[in-house]
Amino acid sequence: MFDPAIVKPAMIDSFRKLSPRAQWRNPVMFVVYLGSILTTLLYVQALNGQGEAPAGFILAVAVWLWFTVLFANFAEALAEGRSKAQAASLRSAKKSVVAKKLQRANRADRCELVEGTSLRKGDFVLIEAGDYVPADGEVVEGVATVDESAITGESAPVIRESGGDFSAVTGGTRVLSDWIIVRVTVNPGEAFLDRMIAMVESAKRQKTPNEIALTLLLVALTIVFLLVTVTLLPFSVFSVNVAHGGSPVTVTALIALLVCLIPTTIGGLLSAIGVAGMSRMMQANVIATSGRAVEAAGDVDVLLLDKTGTITLGNRQASTFLPANGVSEQELADIAQLASLADETPEGRSIVVLAKKRFNLREREMATLGAVFIPFTAQTRLSGVDIGNRQIRKGAADAIRKLAEQAGQQVPAEVAAAVDIVARRGSTPLVVAETDVSNGSIRVLGVIELKDIVKGGIKERFSELRRMGIKTIMITGDNRLTAAAIAAEAGVDDFLAEATPENKLSLIRQHQSEGKLVAMTGDGTNDAPALAQADVAVAMNTGTQAAKEAGNMVDLDSNPTKLIEIVEIGKQMLMTRGSLTTFSIANDVAKYFAIIPAMFATTYPQLAALDIMHLNNPSSAILSAVIFNALVIVVLIPLALRGVRYRALGAAVLLRRNLLIYGLGGLIVPFVGIKLIDVLLGVFGLA
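Residue numbers for the sequence shown follow UniProt numbering, so the first one is 1 and each next one is one higher.
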């Protein structure tokens with residue numbers, strides 16, 4: 001957070017932001033800025049012997065008012081510096097490369113070498129092993145492994161292929177093997193990296209609706225206090241004339257009072273909070289196309305989550321052995337494990353593991369048995385092992401049925417029934433059979449149920465969301481029976497079975513018509529209509545261009561569960577803004593007790609009763625309040641940038657915590673701080 005490489009430029013930017021044009025963008029701090037200029041002019045006047053107060057006092061107030069403006073500038077510049085550092089790292093991922101341009105999507109065509117920056121939407125390029133992807137696009141032919149670490153930070157290469165939901169490639173990534181033909185989907189300056197850089201640079205950041213609303217509230221409070229402060233001068237002059245004694249309040253004291261009473265703390269930190277929220281989203285490897293999307297994430301009421309890959313692992317795992325009559329479960333597990341020892345698929349490995357767990361069956365020394373493994377093929381839909389006269393096979397039910405029919409036999413009725421039961425549960429049935437080559441007989445041993453396993457800890461995450469008041473809905477193409485079973489196991493609030501693009505769109509509109517904000521993830525072209533409708537739409541970076549254009553966020557890691565983290569980041573930004581606003585308004589009370597008695601106690605001695613802090617003298621009281629007002633911004637900068645720690649609690653509980661910590665804390669801390677500064681000023685003889 002306080003890296004010298006970021007802090008030094010931020011300090012320089014703090015002075016650059018002193019221009020009136022920069023200050024005008026923040027109305028609250030603009031008032032402080034004008035007050036700083038006015039007190040500086042009053043100090044110059046005091047040097048000429050025409051001062052309304054001692055020159056040293058006016059100078060001290062003017063200096064600390066300038067510090068207040070500079071500290072607010074520093075908070076914003078520091079947040080922007082972090083974003084600029086992220087933008088710099090993104091720019092380093094952009095590479096000017098030579099592209100192999102094709103006239104059409106045919107590798108046999110002659111390619112023309114051109115600069116990557118000259119490519120336009122609709123162009124075709126050939127990218128071979130070792131080449132960098134010159135521009136964003138979609139794979140239209142071929143398949144290749146791609147290194148996306150420059151974009152995502154993930155070192156493991158990914159596969160990109162034509163068709164399906166894993167066809168998108170990003171400029172700046174590198175093809176490691178094979179080749180692909182890519183159709184460019186963006187024009188220069190519109191690439192994904194360009195959009196990312198524009199969004200993380202604060203110059204491109206637009207204020208969100210909530211931020212605008214809060215700014216209007218702060219401006220209204222500032223105007224109210226300004227009017228009140230302006231009326232105090234003639235009131236003070238009138239009171240002195242009537243009392244025939246004392247001296248009217250000075251303009252310097254009135255400026256100090258105004259600056260201390262207007263919400264300068266949140267006014268100085270508001271922009272930094274917004275920039276930091278975008279920065280935290282970037283740190284989570286999520287690009288938001290607008291600050292509005294980040295803010296909406298904090299207000300989400302309903303989450304739509306795909307089952308596969310989000311709630312479940314996405315890889316089918318062996319869960320149950322269902323033996324035929326006359327076959328023990330252990331025998332089925334033993335033979336199924338033999339057939340799977342050379343199977344490197346997740347399903348094959350899970351069968352070996354399940355047999356070990358259930359019956360402590362360990363891997364055998366197959367070399368001594370002369371085993372010959374039979375790999376799976378799309379034609380046979382079988383795999384297995386040959387050991388002597390034994391041919392052990394596992395595969396799809398219809399493939400084993402054909403094998404049995406070729407031997408003049410039928411699949412046992414109880415095995416066929418087990419296949420139907422497993423299929424109705426939404427799981428995948430895998431049938432195991434053994435053939436005796438010596439006599440050609442075949443024995444169907446039973447069924448292995450392959451089940452999509454619910455992710456560990458996902459139920460607890462959904463419980464947290466429920467405590468936050470967010471409803472979770474699982475979306476799946478499974479039948480209602482299977483969907484209900486997985487929904488119950490995962491702990492979601494509701495589910496949508498046999499989902500189609502029309503169903504998803506209708507569900508989102510239904511919840512939005514009830515005044516709720518809806519968030520969802522998607523990666524396919526069929527998800528695009530629902531993503532375009534959702535309030536927070538997170539598209540996977542691996543997904544199609546249509547999905548990424550429809551969404552308002554892109555997850556570079558392509559992790560569907562990231563949606564939960566996005567919601568938490570959004571809520572953290574809203575909580576930080578609310579907490580610091582509460583603190584800012586609450587701590588004005590202490591400044592009131594410090595400055596009002598100091599300004600009017602001579603005219604109205606009864607006001608001395610408000611001096612509950614027993615400050616040294618009027619000058620020390622006013623100066624202490626101004627110094628505290630400036631320093632509190634510095635103290636709160638880390639909290640504004642890091643964010644208030646978020647807890648998965650209900651809105652009412654969070655409100656009580658917020659009021660207790662930042663409301664009550666905002667009342668107490670200034671009393672302690674102002675008194676401490678007053679004591680230090682007295683010790684060093686500065687007041």
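All residues carry an ideal CB built from backbone N, CA and C; glycine is no exception.
Assuming valine 133 and threonine 173 form a contact by the criterion Cβ under 8 Å, report the distance between their Cβ atoms to the nearest whole angstrom.
Counted from its first residue, the sequence shown places residue 133 at position 133. Counted from its first residue, the sequence shown places residue 173 at position 173. Going by Cβ atoms, the distance from valine 133 to threonine 173 rounds to 5 Å, so yes, they are a contact pair.
Bounding residues of the alpha helix (DSSP H) (the contiguous stretch that carries proline 501):
Within the sequence shown, the letter at position 501 stands for residue 501. Note, proline 501: alpha helix (DSSP H), 501-513.
For proline 605, three-class secondary structure by DSSP:
As a position in the sequence shown, residue 605 is number 605, starting the count at 1. DSSP places proline 605 in helix when its eight states are reduced to three.
For methionine 468, which three-state DSSP category applies?
By one-based count along the sequence shown, residue 468 stands at place 468. Shown here, methionine 468 sits in coil according to DSSP, grouped into three states, outside any helix or strand.
Taking 7 Å as the limit between beta carbons, can you name the residues of its chain near glutamine 45, skipping five residues before and five after?
Within the sequence shown, residue 45 is the residue found at index 45, counting from 1. Within the same chain, Gly51 come within 7 Å of glutamine 45 by CB-CB distance, once the 5 residues on both sides are set aside.
Contacting residues, own chain, Cβ-Cβ under 6 Å from proline 618 (five flanking each side not counted)
Position 618 of the sequence shown, counting from 1, holds the residue named residue 618. The beta carbon of proline 618 sits closer than 6 Å to the beta carbons of Ala598 from its chain, once the five residues preceding and following it are set aside; these are given in chain order.
Top-ranked residue by Cα proximity to aspartate 488, from Ile470, Gly673, Phe462:
As a working mapping, residue 488 is identified with position 488 in the sequence shown. Checking the displayed sequence, the identity of residue 488 turns out to be alanine instead of aspartate. Closest by C-alpha distance to alanine 488, out of Ile470, Gly673, Phe462, is Phe462.
Sheet register partners of phenylalanine 124 (DSSP bridge)
Sequence index remark: in the sequence shown, residue 124 carries index 124 (1-based). Note: phenylalanine 124 sits in a beta bridge opposite Leu102, Arg183.
The segment 298-308 touching the segment 538-546, judged by at least three CB pairs closer than 8 Å
Verdict: no, contact absent.
Considering only residues of the same chain and omitting the five flanking positions on each side of valine 237, which have a CB-CB separation below 6 Å?
Counting from one through the sequence shown, the residue named residue 237 turns up at place 237. Non-local C-beta neighbours of valine 237 in its own chain, meaning closer than 6 Å and more than five positions away in sequence, comprise Pro248, ordered along the chain.
Tell me which residues share the same chain as proline 157 and place their Cβ nearer than 7 Å to its Cβ, disregarding the 5 neighbours each side in the sequence.
Position 157 of the sequence shown holds residue 157. Excluding sequence neighbours, proline 157 sits near Thr145, Val146, Asp147, Leu176.
Backbone CA spacing between proline 188 and glycine 665 [nearest angstrom]:
On the sequence shown, position 188 is the one that residue 188 refers to. On the sequence shown, position 665 is the one that residue 665 refers to. Between the alpha carbons of proline 188 and glycine 665 lies a distance of about 52 Å.
Helix, strand or coil for valine 294? Go by DSSP, reduced to three states.
For the purposes of this step, residue 294 is taken as residue 294 along the sequence shown, with counting starting at 1. The answer is helix: DSSP assigns valine 294 an H, G or I state.
For tyrosine 646, the three-state DSSP class (helix, strand or coil)
As a first step, residue 646 is located in the sequence shown; it is residue number 646 there, counting from the start. Under the three-state reduction of DSSP output, tyrosine 646 falls in the coil class, being neither helix nor strand.
Does any heavy atom of the ligand MN sit closer than 7 Å to the C-beta of alanine 539?
Summarising the ligand content, the structure contains no ligands, and the ligand MN is consequently not present.
Beta-bridge pairing of valine 394 - partner residues as DSSP gives them
In the sequence shown, counting from the first residue as 1, residue 394 sits at position 394. Checking the sequence, you will find lysine at residue 394 rather than valine. Ser383, Val432, per the DSSP bridge assignment.
Check proline 209 in the structure and name its three-state DSSP category.
Taking the sequence shown and counting its residues from 1, the one referred to as residue 209 is at position 209. Of the three classes helix, strand and coil, the one that applies to proline 209 here is helix, per DSSP.
Beta carbon of leucine 119 nearer than 8 Å to that of alanine 108
For the purposes of this step, residue 119 is taken as the residue at position 119 of the sequence shown. For the purposes of this step, residue 108 is taken as the residue at position 108 of the sequence shown. No, the Cβ-Cβ distance between leucine 119 and alanine 108 is not below 8 Å.
Coarse secondary structure for methionine 282, derived from DSSP in three states:
Sequence index remark: in the sequence shown, residue 282 carries index 282 (1-based). In the structure shown, methionine 282 adopts helical secondary structure according to DSSP, grouped into three states.
Burial state of phenylalanine 583, where buried means 16 or more other Cβ atoms lie within 10 Å:
Within the sequence shown, residue 583 is the residue found at index 583, counting from 1. Buried, because 16 or more other Cβ atoms sit within 10 Å of the Cβ of phenylalanine 583.
Tell me leucine 450's beta-bridge partners as DSSP assigns them.
In the sequence shown, counting from the first residue as 1, residue 450 sits at position 450. Answer is Ala318, Thr428, bridged to leucine 450.
For isoleucine 6, report the span of its alpha helix (DSSP H) as first-last.
Looking up residue 6 in the sequence shown gives position 6. Secondary structure note for isoleucine 6: its alpha helix (DSSP H) is the uninterrupted segment 4-16.
Among all the DSSP beta bridges, which residues are the ones paired with threonine 308?
Within the sequence shown, numbered from 1, the residue matching residue 308 stands at position 308. Answer by DSSP bridge pairing, in chain order: Thr312.
By Cβ distance below 6 Å, which residues in the same chain neighbour isoleucine 180 in space, the five residues on each side in sequence not counted?
Here residue 180 refers to the residue found at position 180 when the sequence shown is read from its first residue. The beta carbon of isoleucine 180 lies closer than 6 Å to those of Ile127, Val139, Gly142, Ala144 in the same chain, with the five residues before and after it left out.
Taking all protein chains shown into account, do 16 or more other C-beta atoms lie within 10 angstroms of the C-beta of glutamate 295, making it buried, or fewer, making it exposed?
Residue mapping note: residue 295 aligns to position 295 of the sequence shown, counting from 1. Glutamate 295 should be labelled buried.
Contact set for leucine 610: own chain, Cβ-Cβ below 7 Å, skip 5 residues either direction:
Walking along the sequence shown from the start, residue 610 turns up at place 610. Excluding its 5 nearest sequence neighbours in each direction, leucine 610 has C-beta neighbours in its own chain below 7 Å: Phe593, Ile596, Pro597, listed in chain order.
Given 8 Å, three or more beta-carbon pairs between the segment 484-504 and the segment 324-332:
Fewer than three Cβ pairs drawn from the segment 484-504 and the segment 324-332 lie within less than 8 Å of each other, which leaves the two stretches out of contact.
Look at methionine 281 and isoleucine 508 and say whether their C-beta atoms are less than 8 Å apart.
For the purposes of this step, residue 281 is taken as the residue at position 281 of the sequence shown. For the purposes of this step, residue 508 is taken as the residue at position 508 of the sequence shown. For the pair methionine 281 and isoleucine 508, the CB atoms are not nearer than the 8 Å cut-off.
Per DSSP, proline 323 forms a beta bridge with which residues?
Here residue 323 corresponds to residue number 323 of the sequence shown, with the count starting at 1. According to the DSSP secondary-structure assignment, proline 323 is paired through a beta bridge with Gly446.
Give the DSSP bridge partners of leucine 303, in chain order.
Within the sequence shown, residue 303 is the residue found at index 303, counting from 1. Note: leucine 303 sits in a beta bridge opposite Thr472, Ala519.
Taking the alpha-carbon of asparagine 559 as reference, which of Asp523, Met573, Leu574, Asp588 has the nearest alpha-carbon?
Stepping through the sequence shown from its first residue, residue 559 is reached at position 559. Asparagine 559 has its Cα closest to that of Asp523, out of Asp523, Met573, Leu574, Asp588.
Check whether the segment 622-630 and the segment 664-678 touch, using three or more Cβ-Cβ pairs below 8 Å as the test.
Touching, per the Cβ criterion.
Cβ neighbour criterion (16 or more within 10 Å) applied to valine 224:
As a first step, residue 224 must be located in the sequence shown, where it is residue number 224. With fewer than 16 Cβ atoms within 10 Å of its Cβ, valine 224 is classed as exposed.
Would you tell me roughly how many angstroms separate the C-alpha atoms of leucine 531 and leucine 659, rounded to the nearest one?
By 1-based counting over the sequence shown, the position of residue 531 is 531. By 1-based counting over the sequence shown, the position of residue 659 is 659. Straight-line measurement puts the Cα of leucine 659 at about 37 Å from the Cα of leucine 531.
Which listed residue (Ala608, Gln572, Gln606) has its alpha carbon closest to that of leucine 649:
In the sequence shown, the residue the question calls residue 649 occupies position 649. Measuring from the Cα of leucine 649, the nearest candidate turns out to be Gln572.
Residues of its chain near alanine 203, where Cβ-Cβ distance is below 6 Å and the 5 sequence neighbours each way are ignored
Stepping through the sequence shown from its first residue, residue 203 is reached at position 203. With a pLDDT of 42 at alanine 203, under the threshold of 50, the modelled position of that residue is not reliable, and the figure given next carries that caveat. If you ignore the 5 residues before and after alanine 203, its C-beta comes within less than 6 Å of no other C-beta in its own chain.
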